[in-house]
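K.L.:
The numbering used here puts the first residue of the sequence shown at 1, with every later residue one more than the last.
For every residue, glycine included, the Cβ atom is placed at its ideal position computed from N, Cα and C.
Remember, predicted model here, so these are calculated numbers, not experimental data.
Below is the structure I would like to discuss, written out as structure tokens.
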Amino acid sequence: MKKIIVVFSVMLLVGIVSCGGGKNIKDSDKNADGFSLDEKYNEKAPNRGRAEGVAAIFDNDKALARDRAINDARNKLVEKILGTTVSGQSIMRDFELVKMIVEAKSYGLVKNETIIKEKSDAEMYTVELEGTVEPAVIEDAIRDALNRYGRPKFIVLVNESFEGRQSMPGYTATEIIMQDLMGNLGFEFVDAQTTRELMKTERAKMQKAMSGSISEDVQQLLLNSVGAEVVIFGVALTDDQTHVLESQFGTTNMKSKRASVTLKAVDVYSARILATKVVEAGGVDISPQVASKKAVENALKRKDALGSDKNAPGTFIDTIMKKFVESATHRQINILITGLDYNGLKKFRNEVENRIRGVQQVLDKGRIGRAARIEVYFAGTTNEFIDELKAKSEKLGFQIDIPENFPNKVILEARLLNGK
Numbered sequence: 001m002k003k004i005i006v007v008f009s010v011m012l013l014v015g016i017v018s019c020g021g022g023k024n025i026k027d028s029d030k031n032a033d034g035f036s037l038d039e040k041y042n043e044k045a046p047n048r049g050r051a052e053g054v055a056a057i058f059d060n061d062k063a064l065a066r067d068r069a070i071n072d073a074r075n076k077l078v079e080k081i082l083g084t085t086v087s088g089q090s091i092m093r094d095f096e097l098v099k100m101i102v103e104a105k106s107y108g109l110v111k112n113e114t115i116i117k118e119k120s121d122a123e124m125y126t127v128e129l130e131g132t133v134e135p136a137v138i139e140d141a142i143r144d145a146l147n148r149y150g151r152p153k154f155i156v157l158v159n160e161s162f163e164g165r166q167s168m169p170g171y172t173a174t175e176i177i178m179q180d181l182m183g184n185l186g187f188e189f190v191d192a193q194t195t196r197e198l199m200k201t202e203r204a205k206m207q208k209a210m211s212g213s214i215s216e217d218v219q220q221l222l223l224n225s226v227g228a229e230v231v232i233f234g235v236a237l238t239d240d241q242t243h244v245l246e247s248q249f250g251t252t253n254m255k256s257k258r259a260s261v262t263l264k265a266v267d268v269y270s271a272r273i274l275a276t277k278v279v280e281a282g283g284v285d286i287s288p289q290v291a292s293k294k295a296v297e298n299a300l301k302r303k304d305a306l307g308s309d310k311n312a313p314g315t316f317i318d319t320i321m322k323k324f325v326e327s328a329t330h331r332q333i334n335i336l337i338t339g340l341d342y343n344g345l346k347k348f349r350n351e352v353e354n355r356i357r358g359v360q361q362v363l364d365k366g367r368i369g370r371a372a373r374i375e376v377y378f379a380g381t382t383n384e385f386i387d388e389l390k391a392k393s394e395k396l397g398f399q400i401d402i403p404e405n406f407p408n409k410v411i412l413e414a415r416l417l418n419g420k
């Protein structure tokens, strides 16, 4: 009986192996009919893979839909590869930034790409893309974007109190130290003389800016009048710590001060808080005033603040740069447009939202007399938006004139072309 059971078991095992060794017709058919997102790429070439991208077709413009579907596939492939490679995981924390960079400009993040399949129906365009993603290329793209978009012009407004001795913004040692440290990193500033003049002539608006309240009038003053794109405001305080020095070394002529510096950075375009930081440090000198300055400088030079290495910005500055790039690639542009009736304006909004590369959203904000107001959220700068709009205006069915434009505002005159 035992022999019969053993023989039967062996025969059953052979049968199972024979069946399992054959071709899986069901799986083969599935791969033939649908998009093949094959995992073999992860084994043979960990930086190579496939991804599927989709995009809606607007106004029968399949070329634009195809372009957007390819970019969607690129985004997905970059995320997929970075998430599965050891070298890529270290920069995954910046992936939201990478996605915005891809939307703003084609940086060639996907190399040796091939369109494996593409198809469309009346509403959607679908693309399967195969390509290689190198983390080093992504890092280069981030650095390039930070250099292009992440170098805003600053205005620094710090209330300073050295042991109760008050100094107003435009007159503080803290501001001078910050501008010196950040200037070594290549940043530009509104000069101290202009800041002092603004504190005198536009005090109410500057007080708003110092509290982080970036209303439209403050935005107009800082952004359009003096070109300040980021406000860094805060408080620097020092107190005397000489008794600690004396307790350790006995009577001395040296003075010891402790500084506490609180900083906040705000994007003038969007009023978005970019970074906040509180840092402390000590300073010693024979002069009480110089000791206070040294304490502030030592606090600001910390790696979690401004840093002191011009090739490696401190955490506070690094955060500002990256957050500003994120804002710059999802920027609100205010447009005042004349020359169109209700139907013409509706067509303009739809065309801009669906056919201008980089436009993410268009909002109707009502009318002011004969002019209509709209807000455009765009992955790039205002000048880049204007260039795209002017280049495609005739294809969109409009004649466009732009008599005035500012960093976040465009005055636009439009009229429908005949037959459009």
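Just the Cα atoms here: how many angstroms apart are Asp217 and Asp364?
P.N.:
Taking the first residue of the sequence shown as 1, we reach residue 217 at position 217. Taking the first residue of the sequence shown as 1, we reach residue 364 at position 364. Each residue's alpha carbon lies about 21 Å from the other.
K.L.:
Would you mind sorting Lys310 into buried or exposed? The rule is 16 or more other CB atoms within 10 Å of its CB.
P.N.:
Here residue 310 refers to the residue found at position 310 of the sequence shown. Exposed: under 16 other Cβ atoms inside 10 Å.
K.L.:
Within 10 angstroms of the Cβ of Ala391, are there 16 or more other Cβ atoms? Answer buried if so, exposed if not.
P.N.:
The residue given as residue 391 occupies position 391 in the sequence shown. By the 10 Å Cβ count, Ala391 comes out exposed.
K.L.:
Out of Ile400, Ala328, Ser292 and Gly344, which one is the CA nearest neighbour of Arg165?
P.N.:
Counted from its first residue, the sequence shown places residue 165 at position 165. Closest by alpha carbon: Ser292.
K.L.:
Answer yes or no: do Met254 and Thr238 have a C-beta to C-beta separation smaller than 9 Å?
P.N.:
Sequence index remark: in the sequence shown, residue 254 carries index 254 (1-based). Sequence index remark: in the sequence shown, residue 238 carries index 238 (1-based). Against a cut-off of 9 Å, the Cβ pair of Thr238 and Met254 comes out as no contact.
K.L.:
Does the pairing of the stretch 344-358 with the stretch 305-321 give three or more beta-carbon distances under 8 Å?
P.N.:
As far as the Cβ criterion goes, the stretch 344-358 does not touch the stretch 305-321, which means the pair count is below three.
K.L.:
For Ser167, which residues from the same chain have a beta carbon less than 6 Å from its beta carbon, with the 5 sequence-adjacent residues on both sides left out?
P.N.:
Taking the first residue of the sequence shown as 1, we reach residue 167 at position 167. Excluding residues within five positions, the ones whose Cβ falls inside 6 Å are Glu160.
K.L.:
Taking a contact to mean a Cβ-Cβ separation below 9 Å, would you say Val261 touches Val296 in this structure?
P.N.:
By one-based count along the sequence shown, residue 261 stands at place 261. By one-based count along the sequence shown, residue 296 stands at place 296. Cβ atoms of Val261 and Val296: closer than 9 Å.
K.L.:
DSSP three-state label for Thr381, please.
P.N.:
Counting from one through the sequence shown, the residue named residue 381 turns up at place 381. Coil.
K.L.:
Short check: CB of Leu345 to CB of Ile337, under 9 Å?
P.N.:
Residue numbering aside, residue 345 sits at position 345 when the sequence shown is read from its first letter. Residue numbering aside, residue 337 sits at position 337 when the sequence shown is read from its first letter. Cβ atoms of Leu345 and Ile337: closer than 9 Å.
K.L.:
Skipping 5 residues on each side, what residues in its chain have a beta carbon closer than 6 Å to that of Thr132?
P.N.:
Working through the sequence shown from its first residue, we reach residue 132 at position 132. If we look at Thr132 and ignore the five residues flanking it on each side, its Cβ neighbours are Asn47, Arg48, Lys111 and Asn112.
K.L.:
Per DSSP, what kind of secondary structure is Gly344 in: helix, strand or coil?
P.N.:
Residue 344 sits at position 344 when you count from the first residue of the sequence shown. It is helical.
K.L.:
Let me check understanding here. Comparing Cα to Cα, which of Gln219, Asp61, Tyr377 and Glu326 lies closest to Ala271?
P.N.:
Sequence index remark: in the sequence shown, residue 271 carries index 271 (1-based). Among Gln219, Asp61, Tyr377 and Glu326, the Cα nearest to that of Ala271 belongs to Gln219.
K.L.:
Please work out which residues of its chain come closer than 8 Å, Cβ to Cβ, to Ala73, disregarding the five sequence neighbours upstream and downstream, and give them in chain order.
P.N.:
Residue 73 sits at position 73 when you count from the first residue of the sequence shown. Excluding positions up to five away in sequence, the list reads Ala51, Glu52, Gly53, Val127, Glu128 and Leu129.
K.L.:
Within 10 angstroms of its Cβ, does Lys264 collect 16 or more other Cβ (buried), or is it exposed?
P.N.:
Residue 264 sits at position 264 when you count from the first residue of the sequence shown. Counting Cβ neighbours within 10 Å, Lys264 comes out buried, since at least 16 surround it.
K.L.:
Rounded to whole angstroms, how far is the Cβ of Lys153 from the Cβ of Ala275, which I believe are closer than 8 Å?
P.N.:
Along the sequence shown, read from residue 1 onward, the residue named residue 153 stands at position 153. Along the sequence shown, read from residue 1 onward, the residue named residue 275 stands at position 275. Not really, about 16 Å apart at Cβ, beyond 8 Å.
K.L.:
Cα-Cα, which of Ala372, Ser327 and Val325 is closest to Phe348?
P.N.:
Walking along the sequence shown from the start, residue 348 turns up at place 348. Checked all of Ala372, Ser327 and Val325; the closest Cα to Phe348 is Ala372.
K.L.:
Would you tell me roughly how many angstroms separate the C-alpha atoms of Glu423 and Thr195, rounded to the nearest one?
P.N.:
Shown here, the chain extends from 1 to 420; a query on residue 423 therefore has no answer.
K.L.:
Pull up the CB-CB distance for Phe361 and Tyr377, whole angstroms please, since I reckon it's below 8 Å.
P.N.:
Your numbering for residue 361 matches position 361 in the sequence shown. Your numbering for residue 377 matches position 377 in the sequence shown. Here residue 361 turns out to be Gln, not Phe, going by the sequence shown. Right, their Cβ atoms sit about 4 Å apart.
K.L.:
Using the Cα positions of Ala281 and Ala259, report the straight-line distance between them to the nearest angstrom.
P.N.:
Taking the first residue of the sequence shown as position 1, residue 281 is located at position 281. Taking the first residue of the sequence shown as position 1, residue 259 is located at position 259. Their backbone Cα atoms lie some 6 Å apart in a straight line.
K.L.:
So, for Gln89: in the same chain, excluding its five sequence neighbours on each side, which residues have a beta-carbon less than 6 Å away from its beta-carbon?
P.N.:
What you label residue 89 is simply residue 89 of the sequence shown in a count that begins at 1. Any reading at Gln89 must be qualified, since the residue scores a pLDDT of 49, below 50, and its modelled position is unreliable; no value is offered.
K.L.:
Could you tell me the boundaries of the alpha helix (DSSP H) in which Asn298 lies?
P.N.:
Within the sequence shown, residue 298 is the residue found at index 298, counting from 1. Residues Pro288 to Leu300.
K.L.:
Counting C-beta neighbours from all protein chains within 10 Å, is the total for Lys294 16 or more, i.e. buried, or is it exposed?
P.N.:
Here residue 294 corresponds to residue number 294 of the sequence shown, with the count starting at 1. That one is buried.
K.L.:
Do Asn408 and Asn224 have their CB atoms nearer than 9 Å?
P.N.:
The count along the sequence shown starts at 1 and reaches residue 408 at position 408. The count along the sequence shown starts at 1 and reaches residue 224 at position 224. Yes, they are a contact pair.
K.L.:
For the beta strand (DSSP E) that contains Ala204, what are its first and last residues?
P.N.:
Your numbering for residue 204 matches position 204 in the sequence shown. Note, Ala204: premise wrong, no beta strand (DSSP E); alpha helix (DSSP H) at Arg203 to Met210.
K.L.:
Quick one: using the 10 Å Cβ neighbour count with 16 as the cut-off for buried, is Ser428 buried or exposed?
P.N.:
Outside the shown range of the chain (1 to 420) lies residue 428, about which nothing can therefore be said.
K.L.:
Taking C-alpha atoms, which residue in Val156, Leu77 and Asp144 lies nearest to Thr114?
P.N.:
As a working mapping, residue 114 is identified with position 114 in the sequence shown. The residue with the shortest Cα to Cα distance from Thr114 is Leu77.
K.L.:
For Val266 versus Val226, is the C-beta spacing smaller than 9 Å?
P.N.:
What you label residue 266 is simply residue 266 of the sequence shown in a count that begins at 1. What you label residue 226 is simply residue 226 of the sequence shown in a count that begins at 1. Taking 9 Å as the Cβ cut-off, Val266 and Val226 do not qualify as a contacting pair.
K.L.:
Have a look at Gly250, Asp401 and Val231 and flag the residue whose alpha-carbon is nearest the alpha-carbon of Met206.
P.N.:
Here residue 206 corresponds to residue number 206 of the sequence shown, with the count starting at 1. Looking at the Cα atoms, Val231 is the closest of the given residues.
K.L.:
Helix, strand or coil: how does DSSP classify Ala312 here?
P.N.:
Position 312 of the sequence shown holds residue 312. Ala312: strand per DSSP, three-state reduction.
K.L.:
Taking Ala422 as the reference, give the member of Asn298, Glu134, Gly366 and Lys119 with the closest Cα.
P.N.:
Past the edges of the chain, shown from 1 to 420, lies residue 422, and the structure says nothing about it.
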